[in-house]
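Engineer:
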Amino acid sequence: MAYAIGINTVTRTSAGAIDVNTSEYHPFQVGDKVRLHNVMGGGTYPFMAGNPYTVVTITANGTARDGVTILSRSFQLTQAGATEAGTASGTAAISAITAFGSSNNTLQIVTTTPHNFTNQFNFRIAGVTCSGAVADRDNLLNLINRAWDPSDVTIVNSTTVLVATTKWGQFTAGNAQAIDVTNAKMIVPFAAMTCALDDGINTSGGVIGGIGITNDITKRLKVSTEGKILSALLDLAWQSKGTDYAFLRLFDLFDKTKLTTSYAKANLLINTSASTLRSILDTLIESYQAYDQKKRRYYINQDGQLVYELLSDVTPAQGNAPYKIITSGAGSPNNTTTPATVAPYSLEVSWDHDTTKRALFRGSNANNSPILDLIKADSPDALGTAYTRSGAPYFDDSVDYPSGGDGKVITRQAAAKAYFLERYAPVLSGSYTLRGAGTASYNNRGFNAGYATITSTITTNLDAALIQRASNVITVSTKPYLHRYAVGMTVVLNNIKSAGYAGTYTVASVPSGTSFTVASVGTTGVAQTNGDAYITATAGFIRTGTAPNQIVTVSLPAAHGLTTGTITVVTGLTGTAGTSMNGTATITRVDDYSFTYPSTGTNGTATGTPVLTSMQLVPRWEPGQWVDIAAPELGLSGLYRIEQVDWSLEPGSFQQIVRVMFNRRPTKSLTKLLQGSA
Amino acid sequence: MATAPFQLWIDGPTVATAVRVGSTVTITTASSHGISTGAYVELGGFLGTVGTSLNSVWQATVTSGTSFTVTSAGSAGTAATAAGITTEYFAYDLLNPLVNYSGTARDTALYVPLDSLTMSFSGDGEVATINFTVVQDDTPSSTPWWLTFPDQSRLRLVKADTGSAPAAGQTIFRGIVQGISARMTGSGQGSIADISGDDVNALLDRVIIYGTVRLN
Chain Y
1 MAYAIGINTV TRTSAGAIDV NTSEYHPFQV GDKVRLHNVM GGGTYPFMAG NPYTVVTITA
61 NGTARDGVTI LSRSFQLTQA GATEAGTASG TAAISAITAF GSSNNTLQIV TTTPHNFTNQ
121 FNFRIAGVTC SGAVADRDNL LNLINRAWDP SDVTIVNSTT VLVATTKWGQ FTAGNAQAID
181 VTNAKMIVPF AAMTCALDDG INTSGGVIGG IGITNDITKR LKVSTEGKIL SALLDLAWQS
241 KGTDYAFLRL FDLFDKTKLT TSYAKANLLI NTSASTLRSI LDTLIESYQA YDQKKRRYYI
301 NQDGQLVYEL LSDVTPAQGN APYKIITSGA GSPNNTTTPA TVAPYSLEVS WDHDTTKRAL
361 FRGSNANNSP ILDLIKADSP DALGTAYTRS GAPYFDDSVD YPSGGDGKVI TRQAAAKAYF
421 LERYAPVLSG SYTLRGAGTA SYNNRGFNAG YATITSTITT NLDAALIQRA SNVITVSTKP
481 YLHRYAVGMT VVLNNIKSAG YAGTYTVASV PSGTSFTVAS VGTTGVAQTN GDAYITATAG
541 FIRTGTAPNQ IVTVSLPAAH GLTTGTITVV TGLTGTAGTS MNGTATITRV DDYSFTYPST
601 GTNGTATGTP VLTSMQLVPR WEPGQWVDIA APELGLSGLY RIEQVDWSLE PGSFQQIVRV
661 MFNRRPTKSL TKLLQGSA
Chain E
1001 MATAPFQLWI DGPTVATAVR VGSTVTITTA SSHGISTGAY VELGGFLGTV GTSLNSVWQA
1061 TVTSGTSFTV TSAGSAGTAA TAAGITTEYF AYDLLNPLVN YSGTARDTAL YVPLDSLTMS
1121 FSGDGEVATI NFTVVQDDTP SSTPWWLTFP DQSRLRLVKA DTGSAPAAGQ TIFRGIVQGI
1181 SARMTGSGQG SIADISGDDV NALLDRVIIY GTVRLN
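The structure is reproduced here in structure tokens:
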């Protein structure tokens, strides 16, 4: 599903031209196919009947940005055959409200003119009265005359919807006459009318399928945040796989809880042809990695979720050591904070001398352009001492990177760093073998299971669609994205132009999954923004209860991925209540976004910048885990990253053989790369 | 019941109906199911009162090439299925020990030589692989078993005892059948099939993104 843009007004002239004024800058180009949603009215020619429309004119009422995008809040469509001038009314008269079937908790609403809802069907009902004596009359009317949440609404057809409500004795088929709809209306609130790209087809530019497969720079994909583009890619995948349930048993395209929500406002332009999801994810990684020099990875996990995350190149602290491989002693598999120890078979190491290289970059896309030695010209420390052993000579490698020419040193450096991160990762590598029985004890704690170190996402950023204040309460809409916030969490409102809105607040209430409120004394109004307003949310830590049975409830803005019993190290909390919340704890999972742990001290909310690091048993050894190896005989000491795992059973038994391959990355040198000046 | 500490599930053909009469549930498949009496089957994705009570692991009694029964007490009737798309499935455990099959069913039972079962995981997000061999001493008159399951059928290796329902955190491989290489047994009456599978990350290479994403 394409990103939806809010609409302020829709007006049709007698010539059939429809002017659409949007509430935010729209991304459309002439020729785009655009679909209107939730636009009521139009008379004989309902506005919705013309879907999908083709954009014929863009009215530029904004400022050009980056030489690429014209900021515009209006465009024009043409509705063939329509000669009736009119404006989207925002209301539809209600002709009947009746109990649906024999139930007394579902109402059927029928409108006189088509409501035309398709999605995001927020609406309010007003004007319903009672024609006769009805018990508890006011409560009955309040139950109907209110805003309805889309989750309670089912669209039957263009003039009929069903709404689920509280059970009520009056809502029976034989007592429907109590409801008077003479003046009843269905009203679409502000921002419910939306428009969106229909299916990505641009009729004039020939862009059929694919992301920006055109040389026209105005039609390229423009990325704002990493999380947005990932979410949109899954939506696109859903369009082709939404009915392929055999596929969906393995890959849940709806689940976006494991996607990084990094707010990389890089103004990147990505131009790629229609391709596989993996290819496009690789393109994203290369682009963002070149921008911020932070390594990323993606994979589909055992729960069918796409995981896309930033990788820390910092070696985990010893306290979080996942597993300890030793060359003496019997070993002690366990699941406590003390590393489990195992004496393996066939521990061996190897050194790769082929990693001693330097990179040469072509400096321009012109013929016969000079070859630039990246090391000397741009980044003298790029290779670092870890790549050169005992004064070994450099071996050259050439990289064709023409857009790094024309003196774009910073761009070239960024590309080089991404290149080295991918190309020259391992220097030392090795392997060991574990052999274990198939008993439950060893299955769960030893030979074929490892520990994963999980650093929970504490802070996220999310776009704010609408920020408005009334009665000293700011209500923030995050549509179309779920915010996952909870009461007590800290949020910062950013990029706001209007005075009196930006700042740090505590979430006071959560009316819905796409809105929340904070207390803020000020005038009533809607905040104007500087570009995209966004929210920075930080996890909340609140201690409640009476000693010694106090608990800390942790609410996070992103899924924590932890299970009950996970050992978690909490640091960084401050304040009267917060300082004593730091420490090592065993958590109890509440839901995907919340957990508790026992902790005594002053009740209240913590301050500070928390860090949550957890060590959790995972069902198998797999790449990406860390292992602590102490084998001085082979020069091994410290943590190594697992790169490959081979698993098999011994002949005729369920004895398992797990071959684990690991490597040591030159972290010191990579840190230099990551912390470069680009 | 003899047990193994692992289960190796492969999804079978589409389920047409699941009907409970008394404590007997008859599962009818859209095409030949390929299993024998004594096989452990997992039913999943069924809806409604009857359906949800079936979503578990059962030992099957084969009644025909396209139907089998399981014993499950509960509400009588036909299990509900999702409208529009097919959510319900049945899978069978290839690591079920032979002793769990009735004497007459062992000839057509499926079993995996344990030393043929291997997996390999490499790199972040790269496609992991699984390989195993399935022996069937006597090919049924209907069709070889490896022609009965759908293309790219789902595979799962689970750390759970034979007959128990898989739980969260027990799966160590999820993927699809990538290829089958089959040959005849020495007696000439059965087949030996080498199955190779890719893990779920292979799906990243099988989804073509179609459409435009243009975000400002």
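Residue numbers (my numbering), protein chains in the order written: chain Y, 1 to 678; chain E, 1001 to 1216.
Note that beta-carbon positions come from the ideal geometry of N, C-alpha and C, so glycine has one too.
1) What residues match up with Glu1042(E) in a beta bridge as DSSP calls it?
2) Using a Cβ-Cβ cutoff of less than 6 Å, which residues in the same chain neighbour Ser1023(E) once the five nearest sequence positions on both sides are dropped?
3) Closest to Phe541(Y) by C-alpha separation, out of Asn603(Y), Arg469(Y), Thr257(Y) and Leu141(Y), would be which residue?
4) With Val1041(E) and Ala1002(E) assumed to form a contact (beta carbons below 8 Å), what rounded beta-carbon distance in angstroms separates them?
5) Keeping to the same chain, check which residues put their C-beta closer than 6 Å to that of Thr553(Y); ignore five residues upstream and five downstream.
6) Can you find a heavy atom of the ligand SAM that lies under 7 Å from the Cβ of Leu140(Y)?
7) Within the continuous beta strand (DSSP E) that includes Val1050(E), where are the two ends?
8) Classify Lys256(Y): buried if its beta carbon has 16 or more other beta carbons within 10 angstroms, exposed otherwise.
9) Under a CB-based cut-off of 8 Å, is Asp1194(E) close to chain Y?
10) Would you call the segment 1128-1142 of chain E and the segment 1188-1201 of chain E in contact, with 3 or more CB pairs under 8 Å?
11) Three-state secondary structure (DSSP) at Gln656(Y)?
12) Taking Cβ to Cβ, would you say Met193(Y) is nearer than 8 Å to Ile58(Y)?
13) Between the Cα of Asp1093(E) and the Cα atoms of Thr1104(E), Ser1122(E), Leu1110(E) and Ala1079(E), which residue gives the shortest distance?
14) Taking the alpha carbon of Thr546(Y) as the reference point, which residue from Lys295(Y), Gly601(Y), Leu556(Y) and Ser471(Y) has its own alpha carbon closest?
15) Residues bridged to Trp1009(E) by DSSP?
16) Here's the rule I'm using: 16 or more other beta-carbon atoms within 10 Å means buried, otherwise exposed. How should Ser477(Y) be labelled?
17) How far does the alpha helix (DSSP H) with Phe1173(E) in it reach, from first residue to last?
18) Residues of chain E with a CB under 8 Å from the CB of Trp626(Y): which are they?
19) Residue range of the alpha helix (DSSP H) that Ala577(Y) falls in?
20) Using the rule of at least 16 other Cβ atoms within 10 Å of the residue's Cβ for burial, across every protein chain shown, is Lys497(Y) buried or exposed?
21) Assuming Gly6(Y) is part of the beta strand (DSSP E), what are its boundary residues?
22) If you run the structure through DSSP and keep just helix, strand and coil, what is Gly404(Y)?
23) Can you check whether the C-beta of Phe247(Y) is within less than 8 Å of a C-beta belonging to chain E?
24) So for Glu643(Y), helix, strand or coil by DSSP?
25) Answer yes if the segment 1028-1039 of chain E comes into contact with the segment 1008-1020 of chain E, meaning at least three C-beta pairs across the two stretches below 8 Å, and no otherwise.
26) Are any of the Cβ atoms in chain Y nearer than 8 Å to that of Ser1031(E)?
27) Counting C-beta neighbours from all protein chains within 10 Å, is the total for Val1099(E) 16 or more, i.e. buried, or is it exposed?
28) Are the C-beta atoms of Ile1209(E) and some chain Y residue less than 8 Å apart?
29) Please state if the CB of Arg1020(E) and the CB of Gly1103(E) are separated by a distance shorter than 8 Å.
30) For Val161(Y), I'd like the list of residues in its chain whose CB is within less than 6 Å of its CB, leaving aside the five on either flank, ordered along the chain.
31) With DSSP collapsed to three states, give me the class of Val1207(E).
32) For Lys265(Y), decide whether its Cβ has a neighbour in chain E, counting only Cβ atoms nearer than 8 Å.
33) Can you tell me the Cα-Cα spacing of Asp32(Y) and Val611(Y), whole angstroms?
34) Quick check on the burial criterion: 16 or more other C-beta atoms within 10 angstroms. Buried or exposed for Phe254(Y)?
35) Check whether chain E comes within 8 Å of Thr54(Y), counting only Cβ atoms and requiring the distance to be less than that.
36) Is there contact between the segment 552-571 of chain Y and the segment 483-494 of chain Y, where contact requires at least three CB pairs shorter than 8 Å?
Structural biologist: Put simply:
1) Looking up residue 1042(E) in the second sequence gives position 42. According to DSSP, which records beta bridges pairwise, Glu1042(E) is partnered with Val1057(E) and Ala1091(E).
2) Within the second sequence, the letter at position 23 stands for residue 1023(E). Contacts found: Thr1071 and Ala1073.
3) The residue you call residue 541(Y) lines up with position 541 of the first sequence. The residue with the shortest Cα to Cα distance from Phe541(Y) is Asn603(Y).
4) Counting from 1 along the second sequence, the entry for residue 1041(E) is found at position 41. Counting from 1 along the second sequence, the entry for residue 1002(E) is found at position 2. Val1041(E) to Ala1002(E), Cβ: 17 Å. No contact.
5) One-based indexing of the first sequence puts residue 553(Y) at position 553. Excluding sequence neighbours, Thr553(Y) sits near Ile542 and Thr596.
6) As far as ligands go, the structure on display features none, and thus does not contain the ligand SAM.
7) To locate residue 1050(E), count along the second sequence from 1; it is residue 50. No beta strand (DSSP E) contains Val1050(E), which is instead part of the alpha helix (DSSP H) from Gly1048 to Thr1052.
8) Residue numbering aside, residue 256(Y) sits at position 256 when the first sequence is read from its first letter. Flag for Lys256(Y) reads buried.
9) As a working mapping, residue 1194(E) is identified with position 194 in the second sequence. Chain Y contact via Cβ: absent.
10) The segment 1128-1142 of chain E makes contact with the segment 1188-1201 of chain E: 3 or more CB pairs, one atom from each, lie closer than 8 Å.
11) Reading the first sequence from its first residue, position 656 is the one you call residue 656(Y). Of the three classes helix, strand and coil, the one that applies to Gln656(Y) here is strand, per DSSP.
12) Residue numbering aside, residue 193(Y) sits at position 193 when the first sequence is read from its first letter. Residue numbering aside, residue 58(Y) sits at position 58 when the first sequence is read from its first letter. No, Cβ-Cβ distance for Met193(Y) and Ile58(Y) is not below 8 Å.
13) Locating residue 1093(E) in the second sequence gives position 93, counting from the first residue. Taking only the C-alpha atoms, the option nearest Asp1093(E) is Leu1110(E).
14) Here the question's residue 546(Y) lines up with position 546 in the first sequence. Looking at the Cα atoms, Gly601(Y) is the closest of the given residues.
15) Position 9 of the second sequence, counting from 1, holds the residue named residue 1009(E). According to DSSP, which records beta bridges pairwise, Trp1009(E) is partnered with Asp1093(E) and Arg1156(E).
16) By 1-based counting over the first sequence, the position of residue 477(Y) is 477. It counts as buried.
17) Counting from one through the second sequence, the residue named residue 1173(E) turns up at place 173. Per DSSP, Phe1173(E) belongs to no alpha helix (DSSP H); it is in the beta strand (DSSP E), Thr1171 to Met1184.
18) Walking along the first sequence from the start, residue 626(Y) turns up at place 626. By Cβ distance, chain E contributes nothing, its closest Cβ being about 13 Å from Trp626(Y), past 8 Å.
19) For this step, residue 577(Y) is matched to residue 577 along the first sequence. That run of the alpha helix (DSSP H) goes Gly575 to Gly578.
20) Counted from its first residue, the first sequence places residue 497(Y) at position 497. Exposed, by the Cβ-count rule.
21) Within the first sequence, residue 6(Y) is the residue found at index 6, counting from 1. Ile5 to Arg12 is the span of the beta strand (DSSP E), which, as asked, contains Gly6(Y).
22) By one-based count along the first sequence, residue 404(Y) stands at place 404. Note that Gly404(Y) has pLDDT 47, beneath the 50 cutoff, so the model's placement of it is unreliable and the number below is only indicative. Of the three classes helix, strand and coil, the one that applies to Gly404(Y) here is helix, per DSSP.
23) Residue 247(Y) sits at position 247 when you count from the first residue of the first sequence. So yes, Phe247(Y) belongs to the interface.
24) On the first sequence, position 643 is the one that residue 643(Y) refers to. Looking at Glu643(Y) - three-state DSSP - the assignment turns out to be strand.
25) yes
26) Position 31 of the second sequence, counted from the first residue, corresponds to residue 1031(E). Not one chain Y Cβ lies under 8 Å of Ser1031(E).
27) The residue given as residue 1099(E) occupies position 99 in the second sequence. Residue burial is scored here from C-beta neighbours: Val1099(E) has fewer than 16 other C-beta atoms within 10 angstroms and is therefore classed as exposed.
28) The count along the second sequence starts at 1 and reaches residue 1209(E) at position 209. Closer than 8 Å: yes.
29) As a first step, residue 1103(E) is located in the second sequence; it is residue number 103 there, counting from the start. As a first step, residue 1020(E) is located in the second sequence; it is residue number 20 there, counting from the start. No; because the gap between Cβ atoms is not below 8 Å, this pair is not in contact.
30) Numbered from 1 along the first sequence, position 161 holds the residue referred to as residue 161(Y). Result list for Val161(Y): Ile109, Val153 and Ile155, in chain order.
31) For the purposes of this step, residue 1207(E) is taken as the residue at position 207 of the second sequence. Coil at Val1207(E), not helix or strand.
32) Here residue 265(Y) refers to the residue found at position 265 when the first sequence is read from its first residue. Any answer about Lys265(Y) is weak, because its pLDDT of 49 lies below 50 and its placement is not dependable; what the coordinates show is given next. No, Lys265(Y) does not count as interfacial toward chain E.
33) In the first sequence, counting from the first residue as 1, residue 32(Y) sits at position 32. In the first sequence, counting from the first residue as 1, residue 611(Y) sits at position 611. Using only the alpha carbons, I get a separation of about 45 Å.
34) The residue given as residue 254(Y) occupies position 254 in the first sequence. Exposed.
35) Stepping through the first sequence from its first residue, residue 54(Y) is reached at position 54. Closer than 8 Å: no.
36) Contact between the segment 552-571 of chain Y and the segment 483-494 of chain Y is present: 3 or more CB-CB pairs across the two stretches fall below 8 Å.
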